[in-house]
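Comments concern the structure below.
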Amino acid sequence: MADADPLQREFEFFATVCAEYCPLYAALSARVAEDESIRGMARGGHPQHPPANLLFGAVHYLLLCGADHPLQEFYPTVGGTRPAEDAWPVFRDFCRAHEEAIRNLVTTRLVQTNEVGRCGVLLPAFACVFALFDAPLHLIEVGASSGLNLLFDQYHYRYSNGVEVGPPSPARIETELRGESEPPLPRAMPAIAGRLGIDLAPVDVRDDDAMRWLESLVWPDMVERLALFRAAREIARQSPPRILGGDAMDLVPQALAAVPPDATPCIFHCHAIYQMDRAWRERFEALLTDLGAQRDFAHVSLEWLRDDPGPRLHLTLHHRGGAPQRTLLAEAHHHGKWLRWVAGG
Ligand SMILES: C[S@@+](CC[C@H](N)C(=O)[O-])C[C@H]1O[C@@H](n2cnc3c(N)ncnc32)[C@H](O)[C@@H]1O
7 MADADPLQRE
17 FEFFATVCAE
27 YCPLYAALSA
37 RVAEDESIRG
47 MARGGHPQHP
57 PANLLFGAVH
67 YLLLCGADHP
77 LQEFYPTVGG
87 TRPAEDAWPV
97 FRDFCRAHEE
107 AIRNLVTTRL
117 VQTNEVGRCG
127 VLLPAFACVF
137 ALFDAPLHLI
147 EVGASSGLNL
157 LFDQYHYRYS
167 NGVEVGPPSP
177 ARIETELRGE
187 SEPPLPRAMP
197 AIAGRLGIDL
207 APVDVRDDDA
217 MRWLESLVWP
227 DMVERLALFR
237 AAREIARQSP
247 PRILGGDAMD
257 LVPQALAAVP
267 PDATPCIFHC
277 HAIYQMDRAW
287 RERFEALLTD
297 LGAQRDFAHV
307 SLEWLRDDPG
317 PRLHLTLHHR
327 GGAPQRTLLA
337 EAHHHGKWLR
347 WVAGG
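To get my numbering, take the position in the sequence shown, counting from 1, and add 6.
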């Protein structure tokens, strides 16, 4: 018997990933897995980028652009209310009618989101770094996309233990705390001395079409995620963070060298380096170790690698003259809806 098409397994896997928070994609992905004519439209994208996200992103993009089709009735982000279990024949019809546009998007775009909810998980890590180094942070974000997470201190946070942090803001982030330990939530925002993004494909917050593609990667059942994204986008448009275009491997050394001596360099990334292969990730870790011999800095990583059960938040401290010290701080939800703190308080 021939092996199953790997793309079929991709869609079956994606259906399980979406099951808890996106019934629409869970239902559709299970059906796409079985239908070669539709899943074939997901072929030809960037090899490191998940084909299911690309296909569903392309369809969602066309709907957000105003494509007039009954599929709208199933997508809450465009006002739909019909049940997910009835969506498959309508979705298939939409894909057939828009095949050329879908293939064009799948083969030219990247899986790029900017998930502001993840800041609820990053904040305790930044607070740890600020407390440890006692100097304003200079943020360097790898895989910054449009840079919304670089502005984390301009959003308001509410954790499920009742703690609220941050200025009043139209971008309000709610994070559930799970497990026994509580993260060290700061009373005040860590001071920020500077912020710089690095991305293979930076997105300009003032470019409406590029921002719509980022919106398209938001799962359509998660209307509140889209509202948060749009609120953060409006904040960022007033003063967009600087983002360098290129590979982090090439740009991190110069970004680190440019950090003023009185600031604490804090290199971070979330849901970014999973897009690179293992060899790249190992070289990146070696690079950071080398750089740590020249300058003290902190490295915060919120990543989900395929072998891990879910996203994990790590803090690595690089001190000149010492080996890097890596601590697992928390397990987290993909979009930052919850975190389980596992490090000491
Ligand atoms: C899924 S998006 C996540 C964006 C953002 N970190 C977030 O959590 O919302 C991943 C981003 O990482 C970028 N990226 C992946 N590999 C990179 C690399 N080697 N150097 C720079 N950027 C990279 C991609 O271009 C993309 O914008």
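Here a beta-carbon is modelled for each residue, glycine too, at the ideal position from N, C-alpha and C.
As assigned by DSSP and simplified to three states, the class of residue i
i, result
"G2", "Residue numbering for the chain in the displayed model covers 7 to 351; residue 2 lies beyond these limits and cannot be assessed."
"Q54", "coil"
"A206", "Checking the sequence, you will find Leu at residue 206 rather than Ala. In the structure shown, L206 sits in coil (DSSP, three-state: anything other than H, G, I, E or B)."
"M7", "With a pLDDT of only 46 at M7, under 50, the local geometry of the prediction cannot be trusted, and no value is derived from it."
"V122", "helix"
"C101", "helix"
"P189", "coil"
"V211", "coil"
"S43", "helix"
"L143", "strand"
"R284", "helix"
"R184", "strand"
"V23", "helix"
"Q14", "helix"
"Q331", "strand"
"W94", "helix"
Through-space distance from residue j to residue i, alpha-carbon basis
i, j, result
"A242", "G328", "38 Å"
"V352", "L202", "Given that the chain is displayed from residue 7 to residue 351, the structure contains no residue 352 and the question cannot be resolved."
"C359", "I198", "Past the edges of the chain, shown from 7 to 351, lies residue 359, and the structure says nothing about it."
"Q118", "D215", "13 Å"
"A48", "A58", "7 Å"
"D313", "A39", "22 Å"
"G72", "G153", "26 Å"
"E91", "L321", "42 Å"
"D159", "A177", "11 Å"
"T181", "V229", "16 Å"
"R88", "C24", "18 Å"
"L334", "V348", "7 Å"
"I279", "F290", "9 Å"
"A93", "R301", "54 Å"
"Y161", "R346", "21 Å"
"S4", "H75", "Here the chain has residues from 7 to 351 only, and residue 4 is not among them."
"L60", "L111", "8 Å"
"V224", "A336", "23 Å"
"F62", "G46", "13 Å"
"A131", "R98", "43 Å"
"E170", "M282", "35 Å"
"M7", "A238", "Since pLDDT at M7 reaches only 46, below the 50 mark, its modelled position is unreliable, and no value is offered."
"M355", "W219", "A query on residue 355 cannot be resolved here, the shown segment of the chain reaching from 7 to 351 and no further."
"R15", "D41", "12 Å"
"R236", "A133", "26 Å"
"W344", "N155", "17 Å"
"G298", "P317", "25 Å"
"A36", "P56", "15 Å"
"T114", "G51", "7 Å"
"S222", "L30", "14 Å"
"G149", "E121", "12 Å"
"H339", "P196", "23 Å"
"S187", "S43", "48 Å"
Which residues DSSP lists as bridging residue i, in chain order
i, result
"A336", "L319, W347"
"H162", "R178"
"R236", "Paired residue(s): none; R236 is not in a bridge."
"G251", "D205"
"F274", "E147, V306"
"E170", "R164"
"G200", "H144"
"H325", "None, per the DSSP bridge assignment."
Closer than 8 Å to chain B by CB, residue i
i, result
"R248", "Any reference to chain B falls outside this structure, which holds one protein chain only."
Does the segment 73–92 come into contact with the segment 133–149, if we say contact requires no fewer than three beta-carbon pairs (one atom in each stretch) closer than 8 Å?
Contact fails: fewer than three Cβ-Cβ distances are below 8 Å.
Taking 8 Å as the threshold, find out whether the segment 268–286 comes into contact with the segment 297–306 through three or more Cβ pairs.
Contact check between the segment 268–286 and the segment 297–306: three or more CB pairs, one atom from each, fall below 8 Å, which counts as touching.
Specify whether the segment 59–67 and the segment 99–113 touch according to this definition: at least 3 beta carbon pairs, one from each stretch, less than 8 Å apart.
Yes, the segment 59–67 is in contact with the segment 99–113.
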